[in-house]
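In this note's numbering, the protein residues as written are 1301 to 1457.
The beta carbon of each residue, even a glycine, is placed where N, CA and C say it ideally should be.
Written below as structure tokens is the structure these notes are about.
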């Protein structure tokens, strides 16, 4: 009986730990991670011009969220104002964002760099995004992109 009771508690604990994005509407002013003031945020074009291969820089940049990881809100794809995109991951997985962030304008504070994303990671991101197996299988080349390791995000529009 004791083992049955412990098994039920363990099952309940593990089922509630299943990763999901946090709930929320991602309203203007909502912050995730460190508090980030929108003041001083640069436009994407300026960020792209400042990045040099292999060099990470501290930044505060504004962009529009195109996609949020539907599994647990651990990454976002952001459209920068110069029509380039960036993949944003949360520093140390210290925070996650709600899927309601999709379509909103945000200010991200963190470290940005131009980097190559491996085929393995691109496929992992596609799986997280619940892409079809056909789409995942079509990924066969690494991708040069802007990556940002965010310490904090604030919704601005």
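DSSP state of residue i mapped onto helix, strand, coil
i, result
"residue 1437", "helix"
"residue 1351", "coil"
"residue 1423", "helix"
Residue i versus residue j - alpha carbon distance
i, j, result
"residue 1350", "residue 1336", "21 Å"
"residue 1320", "residue 1395", "12 Å"
"residue 1311", "residue 1359", "The predicted model places residue 1311 with a pLDDT of 44, which falls under 50 and marks its position as unreliable, so this point remains unresolved."
"residue 1426", "residue 1334", "27 Å"
"residue 1405", "residue 1345", "16 Å"
"residue 1367", "residue 1354", "25 Å"
"residue 1327", "residue 1448", "22 Å"
"residue 1437", "residue 1424", "11 Å"
"residue 1340", "residue 1420", "35 Å"
CA nearest to the CA of residue i, picked from the options
i, options, result
"residue 1348", "1386, 1406, 1399", "1386"
"residue 1275", "1417, 1421, 1382, 1399", "Residue 1275 cannot be examined here, being either before or after the span of the chain that is shown, 1301 to 1457."
"residue 1473", "1390, 1353, 1355, 1364", "Shown here, the chain extends from 1301 to 1457; a query on residue 1473 therefore has no answer."
"residue 1411", "1380, 1389, 1457", "1389"
"residue 1408", "1456, 1325, 1322, 1352", "1456"
"residue 1330", "1373, 1376, 1393, 1397", "1397"
"residue 1441", "1414, 1383, 1418", "1418"
"residue 1446", "1352, 1324, 1322", "1352"
Buried or exposed by the 16-neighbour rule on C-beta atoms within 10 Å, applied to residue i
i, result
"residue 1378", "buried"
"residue 1362", "buried"
"residue 1357", "exposed"
"residue 1416", "exposed"
"residue 1392", "exposed"
"residue 1323", "exposed"
"residue 1451", "buried"
"residue 1373", "buried"
Residue-chain proximity (residue i, chain E), Cβ-Cβ < 8 Å
i, result
"residue 1345", "The structure shown contains no chain E, having only a single protein chain."
What runs of the beta strand (DSSP E), each 3 residues or longer, lie entirely inside the segment 1344-1420?
1357-1368, 1375-1380, 1385-1390, 1405-1417
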